[in-house]
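Peer 1: Counting from 0, one number per residue, gives the positions in the sequence shown under numbering that gives the first Met the number 0.
Below you'll find the structure I mean.
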Amino acid sequence: MKPVDLWRHEARRAGLPALLGPPVLAVLILLLATFGARLGSREENTRWMLMGALEMGVPLLAGVAAATLPGRDPVAELRLAIPHGYRPALLRRLAVTLGCTAACAVVVCAALMASGWWTFAYGGAAGQLVWLAPALWLAALGFFAAAALRSTAAATSLVAFVWTGEQLFSGALADNPAYRLLHLFATTSYGSNDWPVNRLFLLATAVPLAFGGWLLLGNTERVLRGEPE
């Protein structure tokens, strides 16, 4: 199979919802940026919603997509027959999915910066960490959970639980130093205070999660067992 055909196949295996979600979200954000003020929304409210959709919406899509990828091969035995190996195939699917998400997020960031809606202290390349750090962290969590729990439903539920909990308890735990380091939505919750440290910590802690998922998926016995009954 040619490399182009291989990547095209993995894009199909990633699923249409995973590939359509990011552009749909991007269009909605851009529509809000264009018509929000005309619909009567206050400028500050519109700005917060735009940043919130970018910082919260993109990571949720990435996390759910990563959590569902390992479960897209229903027959466990077929996973070991995938050309070039099961884990590399999953990485290709993950690369296609996250690549689509990243491309849409970069376009949205550029549009917000160019239109004047972006007033956050960090812009340009550093500003991409608004969505990139939490997206990679939730994607790593979803990937690890899918490998560890061997259940798409459990993995996506865990991603949704963490995503929701981060919003519900951000105010109550605002003074907790450990929580501030791991808070996914620090941009819209706390502003620029300690923001670079928070973003770097998220990126650093995403690495062991992703590596743990990679190791678990290399266990042939676990792969053959498939999802628990």
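Even glycine gets a Cβ: it sits at the ideal position worked out from N, Cα and C.
Identify the continuous alpha helix (DSSP H) that holds Pro69 and give its terminal residues.
Peer 2: Where Pro69 is concerned, there is no enclosing alpha helix (DSSP H), given that its DSSP letter is neither H nor E.
Peer 1: Do Ala64 and Ala17 have their C-beta atoms closer together than 8 Å?
Peer 2: Yes, these two residues count as a Cβ contact at 8 Å.
Peer 1: Can you tell me which of the three DSSP states Gly20 falls into?
Peer 2: In this structure, Gly20 counts as helix in the three-state DSSP scheme.
Peer 1: Going by the CB atoms, is the gap between Ala134 and Pro58 shorter than 8 Å?
Peer 2: Taking 8 Å as the Cβ cut-off, Pro58 and Ala134 qualify as a contacting pair.
Peer 1: Is it the case that the region 177-194 contacts the region 88-99, given that we only count it when at least three CB pairs across the two stretches are under 8 Å?
Peer 2: Too few Cβ pairs lie closer than 8 Å, so no.
Peer 1: Reducing DSSP to helix, strand and coil, say where Gln166 ends up.
Peer 2: Note: Gln166 maps to helix in three-state DSSP.
Peer 1: Classify Phe142 as buried or exposed, calling it buried when 16 or more other Cβ atoms lie within 10 Å of its own Cβ.
Peer 2: Flag for Phe142 reads buried.
Peer 1: Where does Phe184 land, buried or exposed, given buried means 16+ other C-beta within 10 angstroms?
Peer 2: Buried: at least 16 other Cβ atoms inside 10 Å.
Peer 1: What is the DSSP secondary structure of Thr187, reduced to helix, strand or coil?
Peer 2: Helix.
Peer 1: Please tell me whether Ile28 and Val129 are closer than 8 Å, where the distance is taken between their beta carbons.
Peer 2: No, these two residues do not count as a Cβ contact at 8 Å.
Peer 1: Kindly indicate which three-state DSSP category Leu151 falls into: helix, strand or coil?
Peer 2: Before going on, a small fix: residue 151 reads as Thr here, not Leu. Thr151 falls in the helix class under three-state DSSP.
Peer 1: Work out the CA separation of Ala102 and Ala173 for me, nearest whole Å.
Peer 2: Using only the alpha carbons, I get a separation of about 32 Å.
Peer 1: Could you give the residue range of the alpha helix (DSSP H) that holds Trp47?
Peer 2: Start and end: 42-51.
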